[in-house]
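Protein chains in written order, with the working numbering: chain A, 1 to 334; chain B, 1 to 334; chain C, 1 to 334; chain D, 1 to 334.
Notes to accompany the following structure.
Protein chains: 4
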Amino acid sequence: MRFFSDNAAAVCPEVMAALEAANRLDTAYDGDALSRSLSGRFSELFGREVVALWVATGTAANSLALAALCPPHGSIVCHRDAHVQNDECGAPEFYTHGAKLLTAEGEGAKLTPDAVEEVLAGVRADVHQVQPHALTITNATEYGLVYTPEETAALGALCRDRGLGFHVDGARFANAVARLGCDPSELTWRAGVDALSFGFVKNGGMSAEMLIFFRPELAAATLYRRKRAGHLLSKGRYLAAQVLAMLDGDVWLGNARAANDAAARLAEAAGTERLVLPVEANEVFVRVTAEEAETLRAQGFDFYDWGPGEARLVTSWDSDPAAVDALAAAIRAL
Amino acid sequence: MRFFSDNAAAVCPEVMAALEAANRLDTAYDGDALSRSLSGRFSELFGREVVALWVATGTAANSLALAALCPPHGSIVCHRDAHVQNDECGAPEFYTHGAKLLTAEGEGAKLTPDAVEEVLAGVRADVHQVQPHALTITNATEYGLVYTPEETAALGALCRDRGLGFHVDGARFANAVARLGCDPSELTWRAGVDALSFGFVKNGGMSAEMLIFFRPELAAATLYRRKRAGHLLSKGRYLAAQVLAMLDGDVWLGNARAANDAAARLAEAAGTERLVLPVEANEVFVRVTAEEAETLRAQGFDFYDWGPGEARLVTSWDSDPAAVDALAAAIRAL
Amino acid sequence: MRFFSDNAAAVCPEVMAALEAANRLDTAYDGDALSRSLSGRFSELFGREVVALWVATGTAANSLALAALCPPHGSIVCHRDAHVQNDECGAPEFYTHGAKLLTAEGEGAKLTPDAVEEVLAGVRADVHQVQPHALTITNATEYGLVYTPEETAALGALCRDRGLGFHVDGARFANAVARLGCDPSELTWRAGVDALSFGFVKNGGMSAEMLIFFRPELAAATLYRRKRAGHLLSKGRYLAAQVLAMLDGDVWLGNARAANDAAARLAEAAGTERLVLPVEANEVFVRVTAEEAETLRAQGFDFYDWGPGEARLVTSWDSDPAAVDALAAAIRAL
Amino acid sequence: MRFFSDNAAAVCPEVMAALEAANRLDTAYDGDALSRSLSGRFSELFGREVVALWVATGTAANSLALAALCPPHGSIVCHRDAHVQNDECGAPEFYTHGAKLLTAEGEGAKLTPDAVEEVLAGVRADVHQVQPHALTITNATEYGLVYTPEETAALGALCRDRGLGFHVDGARFANAVARLGCDPSELTWRAGVDALSFGFVKNGGMSAEMLIFFRPELAAATLYRRKRAGHLLSKGRYLAAQVLAMLDGDVWLGNARAANDAAARLAEAAGTERLVLPVEANEVFVRVTAEEAETLRAQGFDFYDWGPGEARLVTSWDSDPAAVDALAAAIRAL
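Next comes the structure, spelled out in structure tokens:
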């Protein structure tokens, strides 16, 4: 019973069907009808003209976004636990040609304007230091917390005041939207966000992630950077098809709700004593002794230890309800 | 009736079936059983221990290979018409951090040892010039010619003598093997090749290309570079599945033969007068006037003009036999 | 008797005196009074507001200029024999993070609008190819020819029409100005030039070259790039002092005239039969047999062979008149 | 009376004389006799075969060293207050093509093996994280502390055990050697150091810093990188001359001693109550109120505030003894 990562989830049936359907003659790269429809479809979703580009991974989406917002001699503020800082093998540095990540603190991998300002205050405005050009946050965060529209907008206001570009790593953006029940625009451009990595793979897709630019002019150079990075797939229609299938009928939201609901059930079972952090998306961090973790594993539950005395349980769109119930019961029984 | 690019071909049924079959729980990134089997499977195919890595595009495969063979302050010899030089938006320069491509001449985008030596002779051995570190050829070439084992080995010998790494861009490697009827090893490591971009997408795959290192030590740093470039997909099992499905039962060879055969029929129809170059793989370059091209298009044939008075016709694994026959007849009728 | 390179020339007395004079307490980096006066002084010289930055080498000046004019995913048109292409070990690629140099043809390393247009015509306007962003020429060229104001302006018009930045590598800019007797503005901003590498080292300086931006906004990012490249010397006042000493009393022009005059005397001695190219600056390319070259060397003249049957003779500000006369006589006597 | 930076110190008379003496005909770049003698001279100084290269700045020396020790996809451990981290505008990231600096803690900008191990422990050994390849320390540190031979060797042992390259930023290496009275080898290769940035500019030079490789094989690629970065000056003999003049008669040690002695006198005047850190080189950090700082400035002393309630006083080889006495008295009188 898998709770170790939503990366290991299956591909949802709508996506599989779309791949089959896309399997007809069409043009190459991103010249096909499906790919060409993406900017329009996402413009509708966000209620504003956007440019929407597929890439093969969230790492590529994040890095292309940051390269659009920060020159090689600049720096980017992020959380100390951000995926871009810790889990992408320096991809932001590769794509930006050596920009620096400046790390800020905050519980649950969540940043506040104060935390960002503290980092900015440490930078002298002279040529001996790389100057900040962008802020990137993750929503939902690496620890399963969400930024509300208000919290996002507060950071957006800071970015506007300080001349920073604003990027959201939305590997689990669907989970955040599902949780908050808000319009996607409220977590993005209405809150001052310039670019969004909109994740589909963890949420039921196979190999397509979206990079959304709310300032279309940022896309011009990115088209070249994407090609140059080897992310302009020659059969791009299969990526577009995956994403379109998840937009149709709000599959993306339904899948995210399913994952969130499963996590909520685990959270309820764990109780506030065991929970390391509130559960706001599809990740549950619980306090368990090594012995307790062993007990759970002996019952067939697969998950990551997360530092001493803690475990991470991740649900996904396809979490088996029976397995979730069984894990909830097993946690209660600890 | 599509003859403009094999990039636009459909995904073959074996691959589609494999994607469905892969849609079960499994681990993330390249830790799954399918991905972990790749090096073994390709080692069998090539008769030698190799390291085999999937990436999403041939551009990524080529660039990662070149980055493994050439430092930022080095240079890479390639043909003036090479894909790496003209059609990857500087991806080799991006991945190598600024190495220089030195271009050599040769008919049909094919290099000879003499042509390579001529380029090397133009480089002074001092720190004011970037020094050559690698040679890359394309087999089959961008103009549909193939390098025989002997021709490849002659270049391999040159590389060994001059201390150059040797890479083959095999976007259409299957077509070359199918044409020559040789063992894949004869076009690669037995001929001194260090790294091969082994193409599957044009030949019936969806989104998986392989990078094969015949010197396993070259793979160590490449694992990091692949991640850093955003080419370590989180659901890598779907890439592995595509490739494995095409290795099973030599689907890759069968598909390539089908494409080659279709091209041969067009070549026969065109006749030596019209043919710009011999047809050895799945590309046919023919001399046609603007009027003749228009005549063909009016009959529903879709293809690229290729300079004044020439057209490029590309066949693929799924070229409709009726369409091929129709085009052959139409060419004869010009 | 040295005729192999003006790089080997001595430092002129005005510069030496200025170094001594600068040896007093002052502030660090480029905050000193001398450094701060440079933009003003060069603005006077050019009759327009410019930003003037010192760096330690012409390679750094060229590369910083190109990085200001071309993004990593762009390309730069230059002559096939340009110093940036052949003699800087890929510095432009390093500083631009992998932009591509596209080489054009032209006698004597000199470009015409037609030659540039031919290169541009070979680039498709799609994301698969790096798009041209800049043109760089060398004045005086690597073969000692000069671009007149009209010739420069013709290239400048092309750049404006095609949206290209325009850089001049002026390692021997002083020699060109001295030859043409024109105002420096006519070879630069009045002709559409955006950035100039203004050479002082070959012309009597020690270790200071100037980078002049005629569009001041280009300097903003360059200030960071210069620091980042290790070219913001902590005792920058000694670089400023060298340059200011050569501006005072037009030492730069006087030195260049001396070098040009010496070359003219050699050219006269050689005669049109022997001259490979007209002599317009301080380089003389002559046809000599291996035997003749040996005869000259036996008399103590030091110079480079320049391909089979040719030799390069370079004069400098401090060419010994007696040595020049002797060489002239020796050439006549061949 | 200047105490704000040793970067603002004058050039010492031996260097000035050497520049005059070098002003004779010689060959270009680093082919001259002076430059060619450097590796031999430094091999004598260090008692081992080394490769010694001049560059124009310490930033360049540091960055070239780090690029020799760490690939683009690696990381480098340094102190949070290291010059490479804070004051070089991302030069290490530029030269290494995007390697990451991992910062460790320690009082007075000084690292211990434990502090380094703590950073290393935070890195997972998988491809999702950049792996550590090098350690860099500054001796004397940015806060004027020195690493003893034993302390350096302990870090060197750690590097050997963990497979890290070991670099010392020796912008004030002379001050450290002068303080410790040890052999330079004890602070470098005998302690496991692979590369040293040996500073001459702050200590009486004008524009030449040295990069010393204790593993000569590291120099091979660096020769190209130096050229590519624009640090192979065409009149390199003037850089070599500066350094050689400071090696002759141990001028470098004498100058450093003078600076250290001046600092010691200020430290004595300040007393342990006022001193933020022990004074072991030529930097004195003292606790002063804003009022006291004002009082000192009113008497003509120029220095930097260093955070609230602290001031940095830097002495140099040419600190005027009378000014030092005056400042010492003024501090006592506060």
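Cβ coordinates follow ideal geometry from the N, Cα and C atoms, glycine included.
Buried or exposed: R257 (chain C), going by 16 or more other Cβ atoms within 10 Å of its Cβ? Within the third sequence, numbered from 1, the residue matching residue 257 (chain C) stands at position 257. It counts as buried.
Quick one: what does DSSP say W54 (chain D) is sitting in, helix, strand or coil? As a first step, residue 54 (chain D) is located in the fourth sequence; it is residue number 54 there, counting from the start. Strand at W54 (chain D).
Check for me: the alpha helix (DSSP H) holding S39 (chain B) runs from which residue to which? If you number the second sequence from 1, residue 39 (chain B) lands on position 39. Unbroken alpha helix (DSSP H) run through S39 (chain B): A33 to F46.
Just grab the DSSP bridge partners of T136 (chain A) for me. As a first step, residue 136 (chain A) is located in the first sequence; it is residue number 136 there, counting from the start. Beta-bridge pairing links T136 (chain A) to A:H167.
Report the three-state DSSP secondary structure of M206 (chain C) (helix, strand or coil). Residue numbering aside, residue 206 (chain C) sits at position 206 when the third sequence is read from its first letter. M206 (chain C) falls in the coil class under three-state DSSP.
Is the separation between the beta-carbon of D87 (chain C) and that of Q129 (chain B) shorter than 8 Å? In the third sequence, residue 87 (chain C) corresponds to position 87, counting from 1. In the second sequence, residue 129 (chain B) corresponds to position 129, counting from 1. Contact: yes.
In the DSSP assignment, find the alpha helix (DSSP H) that holds E273 (chain B) and state where it starts and stops. Walking along the second sequence from the start, residue 273 (chain B) turns up at place 273. V251 to R274 is the span of the alpha helix (DSSP H), which, as asked, contains E273 (chain B).
Three-state secondary structure (DSSP) at C159 (chain B)? What you label residue 159 (chain B) is simply residue 159 of the second sequence in a count that begins at 1. It is helical.
Where the beta strand (DSSP E) containing A220 (chain A) begins and where it ends: Within the first sequence, numbered from 1, the residue matching residue 220 (chain A) stands at position 220. Where A220 (chain A) is concerned, there is no enclosing beta strand (DSSP E), although the alpha helix (DSSP H) it sits in stretches over A219 to R228.
Since V127 (chain D) and C182 (chain A) should fall inside the 8 Å C-beta cutoff, what is the C-beta to C-beta distance between them, to a whole number of angstroms? Residue numbering aside, residue 127 (chain D) sits at position 127 when the fourth sequence is read from its first letter. Residue numbering aside, residue 182 (chain A) sits at position 182 when the first sequence is read from its first letter. No, V127 (chain D) and C182 (chain A) are not in contact; Cβ-Cβ is about 36 Å, not under 8 Å.
Could you check whether the Cβ of R332 (chain B) sits closer than 7 Å to any heavy atom belonging to the ligand MN? This structure does not include the ligand MN; it has no bound ligands of any sort.
How many angstroms separate the CA atom of L164 (chain A) from the CA atom of V146 (chain B)? Taking the first sequence and counting its residues from 1, the one referred to as residue 164 (chain A) is at position 164. Taking the second sequence and counting its residues from 1, the one referred to as residue 146 (chain B) is at position 146. Cα to Cα, L164 (chain A) sits roughly 52 Å from V146 (chain B).
Are A33 (chain C) and L211 (chain C) touching if we call contact CB-CB under 8 Å? Working through the third sequence from its first residue, we reach residue 33 (chain C) at position 33. Working through the third sequence from its first residue, we reach residue 211 (chain C) at position 211. Not a contact, by the Cβ cut-off of 8 Å.
Mapping the DSSP letters down to three states, classify H128 (chain D) as helix, strand or coil. As a working mapping, residue 128 (chain D) is identified with position 128 in the fourth sequence. Coil, per DSSP.
Helix, strand or coil, according to DSSP, for E283 (chain C) in the structure here? Here residue 283 (chain C) is taken as the residue at index 283 of the third sequence, counted from 1. E283 (chain C): strand per DSSP, three-state reduction.
If you measure between the beta carbons of L155 (chain D) and D194 (chain D), is that distance less than 8 Å? If you number the fourth sequence from 1, residue 155 (chain D) lands on position 155. If you number the fourth sequence from 1, residue 194 (chain D) lands on position 194. Not in contact: L155 (chain D) and D194 (chain D) (Cβ atoms no closer than 8 Å).
Straight-line Cα distance separating S185 (chain C) from F46 (chain C): Taking the third sequence and counting its residues from 1, the one referred to as residue 46 (chain C) is at position 46. Taking the third sequence and counting its residues from 1, the one referred to as residue 185 (chain C) is at position 185. Cα to Cα, the separation comes out at about 5 Å.
Option in B:L111, B:Q242, B:M16 and B:A281 with minimal Cα separation from D261 (chain B): Reading the second sequence from its first residue, position 261 is the one you call residue 261 (chain B). That would be B:A281, whose Cα lies nearest to the Cα of D261 (chain B).
Classify S197 (chain D) as helix, strand or coil using the three-state DSSP reduction. Position 197 of the fourth sequence, counted from the first residue, corresponds to residue 197 (chain D). DSSP places S197 (chain D) in strand when its eight states are reduced to three.
Pick out whichever of D:D250, D:C12, D:F42 and D:W54 has its Cα sitting closest to the Cα of H231 (chain D). Numbered from 1 along the fourth sequence, position 231 holds the residue referred to as residue 231 (chain D). Ranking D:D250, D:C12, D:F42 and D:W54 by Cα distance to H231 (chain D) puts D:W54 first.
Would you identify the three-state DSSP class for Y143 (chain A), choosing helix, strand or coil? Within the first sequence, residue 143 (chain A) is the residue found at index 143, counting from 1. Reduced to three states, the DSSP call for Y143 (chain A) is coil.
Short check: CB of L313 (chain A) to CB of V284 (chain A), under 8 Å? Mapped onto the first sequence, residue 313 (chain A) falls at position 313. Mapped onto the first sequence, residue 284 (chain A) falls at position 284. Cβ distance < 8 Å, so L313 (chain A) and V284 (chain A) count as in contact.
Kindly indicate which residue of D:S5, D:K100, D:G58 and D:T188 has the alpha-carbon position closest to the one of A91 (chain A). Counting from one through the first sequence, the residue named residue 91 (chain A) turns up at place 91. It is D:K100 whose Cα lies nearest to the Cα of A91 (chain A).
First and last residue of the beta strand (DSSP E) that includes H83 (chain B)? Counting from one through the second sequence, the residue named residue 83 (chain B) turns up at place 83. Looking at the DSSP string, H83 (chain B) is not in any beta strand (DSSP E); the run it does join, the alpha helix (DSSP H), is H83 to N86.
Can you name the start and end residues of the beta strand (DSSP E) that R172 (chain D) belongs to? Within the fourth sequence, residue 172 (chain D) is the residue found at index 172, counting from 1. Counting along the chain, R172 (chain D) falls outside any beta strand (DSSP E), and DSSP gives it neither H nor E.
The stretch 257-277 of chain C: which residues have C-beta closer than 7 Å to a C-beta of chain D, in chain order? none
I'd like to know whether the C-beta atoms of A174 (chain C) and E142 (chain C) end up nearer to each other than 8 Å. By 1-based counting over the third sequence, the position of residue 174 (chain C) is 174. By 1-based counting over the third sequence, the position of residue 142 (chain C) is 142. Not a contact, by the Cβ cut-off of 8 Å.
Neighbour list for V127 (chain D) in chain B, Cβ cutoff strictly below 8 Å: As a position in the fourth sequence, residue 127 (chain D) is number 127, starting the count at 1. Correct list: L223, Y224, R226, K227 and L232.
Give me the chain D residues within the contact set of C89 (chain C), using Cβ-Cβ distance strictly less than 7 Å, ordered along the chain. Translated into the one-based positions of the third sequence, residue 89 (chain C) becomes position 89. Ordered by position in chain D, the residues that pass the 7 Å Cβ test against C89 (chain C) are Y224, K227 and R228.
DSSP state of E49 (chain C), grouped into three classes? Here residue 49 (chain C) is taken as the residue at index 49 of the third sequence, counted from 1. Coil.
Within 8 Å of any Cβ in chain C, is that where the Cβ of N23 (chain D) sits? Here residue 23 (chain D) refers to the residue found at position 23 when the fourth sequence is read from its first residue. Cβ-Cβ to chain C under 8 Å: yes for N23 (chain D).
Output needed in chain order: residues of the stretch 204-224 of chain A with a Cβ under 7 Å from some Cβ in chain B. M206, S207 and Y224
Expressed to the nearest angstrom, what Euclidean distance is found between the alpha-carbon atoms of V279 (chain C) and V77 (chain D)? Walking along the third sequence from the start, residue 279 (chain C) turns up at place 279. Walking along the fourth sequence from the start, residue 77 (chain D) turns up at place 77. Approximately 55 Å between the Cα atoms of the pair.
Of all the CB atoms in chain A, is at least one closer than 8 Å to the CB of H83 (chain C)? The residue labelled residue 83 (chain C) in the question sits at position 83 within the third sequence. For H83 (chain C), the answer is no, since every Cβ of chain A falls outside 8 Å of its Cβ.
Assigned exposure category for D6 (chain B) - 16 Cβ within 10 Å defines buried: Position 6 of the second sequence holds residue 6 (chain B). So D6 (chain B) ends up on the buried side.
Is the CB-CB distance between M246 (chain D) and E20 (chain C) below 8 Å? Along the fourth sequence, read from residue 1 onward, the residue named residue 246 (chain D) stands at position 246. Along the third sequence, read from residue 1 onward, the residue named residue 20 (chain C) stands at position 20. Cβ distance not < 8 Å, so M246 (chain D) and E20 (chain C) don't count as in contact.
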